[in-house]
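Participant: For the sequence shown, the working numbering gives the first residue as 39, with consecutive numbering after it. Cβ coordinates follow ideal geometry from the N, Cα and C atoms, glycine included. Note that the structure is a prediction, hence the values are computed from the model and not measured.
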Amino acid sequence: MVEIAISNNPHFELSLAEAHDEGYTYTKETLKRLKSVNKDTEYYFILGADSLFSFESWKEPQEICSLCTLVAAVRNHIPNRQMNQQMEYLREKFHAGILILDTPNIDISSGTIREWTKCGKSLRYYVPDDVIRYIEEKNLYKEQEIE
Numbered sequence: 039m040v041e042i043a044i045s046n047n048p049h050f051e052l053s054l055a056e057a058h059d060e061g062y063t064y065t066k067e068t069l070k071r072l073k074s075v076n077k078d079t080e081y082y083f084i085l086g087a088d089s090l091f092s093f094e095s096w097k098e099p100q101e102i103c104s105l106c107t108l109v110a111a112v113r114n115h116i117p118n119r120q121m122n123q124q125m126e127y128l129r130e131k132f133h134a135g136i137l138i139l140d141t142p143n144i145d146i147s148s149g150t151i152r153e154w155t156k157c158g159k160s161l162r163y164y165v166p167d168d169v170i171r172y173i174e175e176k177n178l179y180k181e182q183e184i185e
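(1) Determine the contact status of I42 and D168, defining contact as a CB-CB distance below 9 Å.
(2) So, under 8 Å CB-CB, L72 and Y81 are touching, yes? Tell me the CB distance rounded to an integer number of Å.
(3) Our contact map puts I136 next to L128 with C-beta atoms below 8 Å; I'd like the distance itself, whole angstroms only.
(4) Taking the continuous alpha helix (DSSP H) assigned at G158, which residues delimit it?
(5) Just how far apart, CA to CA, sit I44 and R171?
(6) Specify, as a first and last residue, the run of the alpha helix (DSSP H) that T68 falls within.
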């Protein structure tokens, strides 16, 4: 679905860096692998702003911060004061570089997309039309009827 979503945008490229048979990949491992291949590249890791509040529980957050700049996409309508306090806390604790992604606050997540599809709600304007068609054609996220 990512490939479909970005197919018309020359600024995006699909990476399968985390697609392998070993199972779960930690963020720090992916960043280390990317940095070893592209030594002069600055990496920016985009995450939902809500993830900043659980970032300490991630595997080796200090190392993640040494490998990239965190970019928080604002969602869930987190109050500015609370966001700023958490960002400052992480900056001090992990010497993290943290930026706010300056976008409209669209409170959407993959869980919301799955739930809306299950309930028959429209995904229009939240998901590219080609991805909506793919979800419908593959009958994704619908509850399976038990016979």
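Facilitator: Reading off the structure:
(1) yes
(2) 6 Å
(3) 6 Å
(4) Neither: G158 is in no alpha helix (DSSP H) and is coded neither H nor E.
(5) 15 Å
(6) 65 to 75
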